[in-house]
Amino acid sequence: MSTLAFVRKIVVVLLALLLVACGPSETTGGEVAQSPNVLFILLDDLGLNDVGAFGGSTGLTPNIDRIAAAGVRFNRHYTDSTCTATRVGILTGLDPAALGFRPNGAGIPTEVETLPERLRELGYTTHHIGKWHAGSTALPAWPLAQGYDTFFGFLDQFLLRGPHPDGELREGRPTYRDPWLQEGNNHPLQYKGHLSEILSQRVLDFIKARKNDGRPWFLSYWTYGPHTPLEPMGDFALRHPDTPRGRYLALVEQTDALVGKVIEALDARNLAENTLVIIASDNGGTARQYPSNLPFSGTKAQFLEGGLRTPMMMRWPGHLPAGREVDGIVSYKDYIGTLVQLAGGDSSAKGRNDLLDTARGMPVVDRPLFWESSNYFLNSWSALDAGGNWRLTKSIDNSLFLFDLSEPGVERAVEVSEKPALVRQMRSDYRNWRTGLRKVDVVAEQAGKGLLLRGNDFQRSPGSEGWSMALALTPAAASAPEEVLAEQKEFWTLRRSGGKLHLSLLGMSLQAPEPAPGICTEIVISHSMTRASIAPSFRRGLLDMFYDGEPVASSRTKEPLALAPDVAYSNPTYLGQSAEQEQVFSGELGMPVVLNERLVSRDKASPDLRNGVQSIDGTLCPRSQ
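Here the sequence shown stands for residues -27 to -1, 1 to 598, numbered as in mature numbering (1 follows the signal peptide of the UniProt record, and there is no 0).
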């Protein structure tokens, strides 16, 4: 945690103690004032056309429709196009790419205060039931380390099938049947029954156990329905044909029914007027079994309206108007500011909307929105202009698409050539946006005869998707006995020996002739690792090294090394010496630059991403050389 965040937490605690000493605050009516509870229901892969309240045609969401009618419906609510990125954005209020999620990543850095952390500071108890999928590589990425008091569910859907013997987390194809679930940080156990019913019952038990103890609660109930596999509960399956379409519709109906039970239980406990209910979907539907995203084009995992514009509604009887529709643009990054403000905290983040103010009729803050996805072989991005009238999308095949969204509920494709000035401006805006996202902030400390780097552990450490480190190196005149240029225990080491540089990183290795002595050389180490345990064709480990922008060595593997959950991402990165502060480098090393993306050779670089090694050229070594 950063010093600033630590100080802020201390101040909050002191203020809380002062409030206790002075007695509870009271309203003008003499009743103790308490922030409302918050129930945040996040549905998985539910599209606009799945929900009747948003014009959907299934006719299978009466409960969700009633909640929308009793509250406020947001017609232009934007998320990311995939599960993980959306969840990270909800939890942090930040662009996922700024934390290394494009869309996957190791975890949310501990320096970033999350939504549950902020609410807990403000007196809330915080609870998560259901799907996490916001980083599961290591314990510091798990829910309890990210601000939740309790957690019951699954870190990601690939752990549902199990088994998980001897402390190992073994991935497999997802399932709803007899799932393996975990309580807190405990090892997963198998539960008999259907996943959706098990999670719903846990939420019902949570609501039943609530007591009016003066502390508000925040519950994230993040369902798995109607995400694939198409395995609805028996009663719902019998109401539909045994076809892919029928099973999907059964999942939609089942999801709606279980949401209805939760809201019914909440109301039965007389908690409605003191509980803000938020229901949203994490991204658009897959549209494989049903046209879930009509009237818009695109699907989950695509940066088009159908993949990004999702159902969202808020209900809070007596505090929010019933039946109101909001046509202004809001996004998944607005939740943290809204809820922190609701809890009495400071939420003055520039460019974010307070969703409650918006729900009550205040105009939205216009600001552009951007998205990007990038891995070892594909990249895609999209930009939505500040007014929400135009979307520009670059697809994975490098095609550009432009859409006119100025008419409510209508998407009109426009030839890129018809709006050259607009396209140039939107591309420029996107480039400027992403330029500020990739550099990883680290803290350098003197250690022995070298330096060590700390902070931003999940991005400072290689091993999840893209990562690069660039540093200026000036070797001594003669090759000495083995020296260590950089090392992070359990992750990587760069050594100098026998006239060569030797790089080992998470089971991969390469070597190259050492740069000329006495001359500053800019070295870039570039890496990407995609494990994809249930999709072997996507497994990749890539490792490259460049001198002054030119490739000198590379290594490839289709069997990336797996990391244990307790691997020490917090291990410092030592520069100019080993982790034991031995084998000291006799030359000169400059302060490195760490990036949360993989840099590539000049010929493979994207002009929009600006992800070539040339983006580093000349920035680390003195230009006079």
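Every residue gets a Cβ at the ideal spot worked out from N, C-alpha and C, and that includes glycine. A quick note: this is a predicted structure, and the numbers were derived from the prediction, not measured.
Does DSSP put residue i in a helix, a strand or coil?
i	result
Pro524	strand
Asn247	helix
Met287	strand
Leu562	strand
Arg261	coil
Gln155	strand
Arg427	strand
residue 600	There is no way to answer for residue 600, as the model of the chain reaches only from -27 to 598.
Asn405	helix
Pro(-4)	Note on Pro(-4): pLDDT 32, under 50, position unreliable in the model; the coordinate value appears next. Reduced to three states, the DSSP call for Pro(-4) is coil.
Phe374	strand
Asp517	strand
Arg468	strand
Pro595	coil
Lys367	strand
Val387	strand
Met335	coil
Gln554	coil
Gln119	helix
Leu293	coil
Met206	coil
Tyr542	coil
Based on the DSSP output, what are the partners of residue i in its beta bridges?
i	result
Pro486	Lys473
Lys412	Leu568
Ala253	Leu15, Met285
Arg49	Ile302
Gly439	Ser501
Glu345	Trp354
Thr99	Phe191
Leu162	Leu154
Glu495	Ala445
residue 680	Since the displayed the chain opens at -27 and closes at 598, residue 680 lies outside it and no answer follows.
Gly585	Val573
Val457	Arg468, Val557
Asn10	Thr248
Do residue i and residue j have their C-beta atoms within less than 8 Å of each other?
i	j	result
Leu154	Pro147	no
Asn569	Gly439	yes
Ala42	Ile81	no
Ile102	Leu33	no
Leu203	Pro217	yes
Leu479	Met442	no
Ala459	Leu536	no
Glu156	Phe125	yes
Ile236	Asn36	yes
Asp178	Lys104	no
residue 615	Gly291	Residue 615 cannot be examined here, being either before or after the span of the chain that is shown, -27 to 598.
Ala70	Ala114	no
Tyr197	Gln275	no
Val389	Leu378	no
Which residues in the same chain as residue i place their Cβ atom closer than 6 Å to its Cβ, once the five residues preceding and following it in sequence are excluded?
i	result
Leu192	Leu12, His100
Leu267	Asn22
residue 625	It is not possible to answer for residue 625, since the shown part of the chain is limited to -27 through 598.
Thr98	Asp122, Arg188, Trp190
Arg575	Gly585, Gln587
Val250	Leu12, Arg288
Gln461	Asn544, Thr546
To which residues of the same chain is residue i closer than 8 Å at the C-beta, ignoring the five residues directly before and after it?
i	result
residue 632	Nothing about residue 632 can be read from this structure; the chain reaches only from -27 to 598.
Leu342	Tyr51, Ile302, Ser304, Ala356, Leu357
residue 605	Residue coverage of the chain in this structure runs from -27 to 598, which leaves residue 605 outside it and unanswerable.
residue 601	Only positions -27 to 598 of the chain appear in this structure, which leaves residue 601 out of reach.
Arg212	Ala223, Glu226
Leu112	Ala118, Asn158, Pro538, Asp539
Within its chain, find whatever has a CB closer than 7 Å to the CB of residue i; leave out the 5 residues flanking it on each side and keep chain order.
i	result
Ala332	Val45, Met287, Leu293, Arg297, Val299
Val337	Gly301, Ile302, Val303, Asn326, Thr331
Ala485	Lys473, Leu474, Met518, Val525, Ala526
Arg433	Val413, Val415, Leu426, Thr546, Val567
Met206	His167, Ser169, Glu170, Gln227
Arg150	His167, Glu204
Asp319	none
Leu312	Val11, Leu88, Leu92
Gly563	Leu444, Ala445, Leu593
Leu132	Leu142, Glu144, Trp153, Pro161
Report yes or no: is there a C-beta of chain D within less than 8 Å of the C-beta of residue i?
i	result
Thr201	Chain labels in this structure do not include chain D; a single protein chain is all it has.
Taking 8 Å as the cut-off, does the segment 553 to 565 touch the segment 419 to 430 (at least 3 CB pairs, one atom from each stretch)? yes
Count the CB pairs spanning the segment 52 to 68 and the segment 254 to 274 that are closer than 8 Å, and state whether there are at least three. yes
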